[in-house]
Amino acid sequence: GAVVVMSPDGAVRALVGGRAYADSQYNRAVTARRQPGSAFKPFVYLAALERGLTPDTIRDDTPIQIKGWKPENYGRDYRGPVSLTTALAHSINTVAVKLALETGPKAVADTAHRLGIASKLEPNASIALGTSEVTLLELVSAYAPFANGGLPARPVIVEQVRSPAGKTLYVRRADPRGRVVAPAYVAMMNAMLEEVILSGSGKKAQIPGWQAAGKTGTTQDFKDAWFIGFTGRLAAGVWLGNDDSSPMKKVIGGGLPADIWGRFMREAHRDFAPTDLPGGIRGPNVRWSTPELRTPFDADAGRPIPPDGPASDSPSLDSWFLDRLFGRGR
Numbered sequence: 143g144a145v146v147v148m149s150p151d152g153a154v155r156a157l158v159g160g161r162a163y164a165d166s167q168y169n170r171a172v173t174a175r176r177q178p179g180s181a182f183k184p185f186v187y188l189a190a191l192e193r194g195l196t197p198d199t200i201r202d203d204t205p206i207q208i209k210g211w212k213p214e215n216y217g218r219d220y221r222g223p224v225s226l227t228t229a230l231a232h233s234i235n236t237v238a239v240k241l242a243l244e245t246g247p248k249a250v251a252d253t254a255h256r257l258g259i260a261s262k263l264e265p266n267a268s269i270a271l272g273t274s275e276v277t278l279l280e281l282v283s284a285y286a287p288f289a290n291g292g293l294p295a296r297p298v299i300v301e302q303v304r305s306p307a308g309k310t311l312y313v314r315r316a317d318p319r320g321r322v323v324a325p326a327y328v329a330m331m332n333a334m335l336e337e338v339i340l341s342g343s344g345k346k347a348q349i350p351g352w353q354a355a356g357k358t359g360t361t362q363d364f365k366d367a368w369f370i371g372f373t374g375r376l377a378a379g380v381w382l383g384n385d386d387s388s389p390m391k392k393v394i395g396g397g398l399p400a401d402i403w404g405r406f407m408r409e410a411h412r413d414f415a416p417t418d419l420p421g422g423i424r425g426p427n428v429r430w431s432t433p434e435l436r437t438p439f440d441a442d443a444g445r446p447i448p449p450d451g452p453a454s455d456s457p458s459l460d461s462w463f464l465d466r467l468f469g470r471g472r
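Heads up: the sequence shown is residues 143 to 472, going by our numbering.
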């Protein structure tokens, strides 16, 4: 398994790449690329919201077949018409696939890349169910914009290096802070992802007194189980699986990963006053309206969001540090 914890701005606060370093130096948090399953769905829903849908939009949870492929829900049951909020909270696969087709698989891939996913993504219908492999580190960093109000969150481990004499040898340059998600869509996504924890598949991740949001993920044959989530203070992710991709014993994202995430985050937030997620607390029976934005434009400054594409992998001391210390490949 692996754990990554970072501040909403991308500063890595904790990183666990395996059970015991003495047994294996392979860093599963940084190096291992695995299918994220339903933990990838937030990018599907964000792409749909940015093209005019809202959390209240209704779509049918009914069987679907695509060139012989029949995506099914976890319980193999169907609910009929459901809101997007309900579909995400209960991780309904059919709705996610239909949204990806409606929005366009390439648009989904572009959205994920814009938020921080650097791995190659295959733009086909199955992208909705997280079939393209990613690392835990990049997945947590791609959730972080929801925690910080829509700004990019490139993972940072090294801020500054000084010699024994106190001479500054390196100071990390600040990344460009152009917005990657407009505030209106951050608010929508946070409300939907909060519902995952309040009433959906991630109930074990609740943090009393705090707004928390996140998403579960489980891959076929229980090979991978994830929980990725955030508060206004931290973004964190848990992945469980075997190095040889052999199945686990029915471990699902809403089970042990959500429980581990919840126990860690409750302790990490113990001595801090609760802060709301960007977008605030939304009362019941309040309907969403489509923002009057010409997406994908920066809602604050009216500037275009940076072009879609994988996050920059230009050389930096951070990458050198990760390569040498954690064994990450270039």
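Even for Gly, the Cβ is constructed at its ideal location relative to N, Cα and C. For clarity, every value in this text was computed on a predicted model and none was experimentally measured.
Boundaries of the beta strand (DSSP E) around residue 368: 366-372. One thing to note: residue 407 has its Cβ within 8 angstroms of the Cβ of residue 376. Residue ranges of uninterrupted beta strand (DSSP E) with 3 or more members, entirely inside the segment 192-246 and ordered along the chain, are 200-203, 222-225. Look at residue 345 here: in three-state DSSP terms it is helix. The C-beta distance from residue 389 to residue 418 rounds to 40 angstroms, too long to meet the 8 angstroms contact threshold.
Residue range 278-290 is occupied by the alpha helix (DSSP H) that includes residue 285. Here residue 187 carries a helix assignment [DSSP, helix/strand/coil].
Residue 187 has its alpha-carbon roughly 21 angstroms from the corresponding atom of residue 347.
Per the C-alpha coordinates, the member of 372, 317, 242 positioned closest to residue 191 is 242. Scanning its chain for C-beta atoms nearer than 8 angstroms, with the 5 sequence neighbours on each side dropped, one finds around residue 301 the residues 153, 313, 314, in chain order. With a 10 Å radius around the Cβ and a threshold of 16 neighbouring Cβ atoms, residue 252 comes out buried.
Between residue 160 and residue 272, the alpha-carbon positions lie close to 22 angstroms from each other. Beta-bridge partners assigned by DSSP to residue 248: none are found. Sixteen is the threshold: since fewer than 16 other Cβ atoms of the shown chains lie within 10 Å of the Cβ of residue 409, the residue is exposed. In terms of Cα proximity to residue 356, the closest of 162, 181, 176, 172 is 181.
In this structure, the alpha-carbon of residue 303 lies about 49 angstroms from that of residue 240. Within a 10 Å sphere around the beta-carbon of residue 414 sit fewer than 16 other beta-carbons, which makes this residue exposed. Taking C-alpha positions only, residue 270 is separated from residue 371 by approximately 18 angstroms.
The beta carbon of residue 339 is closer than 8 angstroms to those of 345, 347, 348, 354, 355, 356, 371 in its chain, skipping five residues each way along the sequence. Rounded to the nearest whole angstrom, the C-alpha separation of residue 214 and residue 205 is 7 angstroms. Taking C-alpha positions only, residue 385 is separated from residue 165 by approximately 13 angstroms. Taking the CA atoms as reference points, residue 262 sits about 43 angstroms from residue 307. Separation of residue 358 and residue 221 (C-alpha to C-alpha, rounded to the nearest whole angstrom) is 19 angstroms. The DSSP-derived three-state label of residue 156 is strand.
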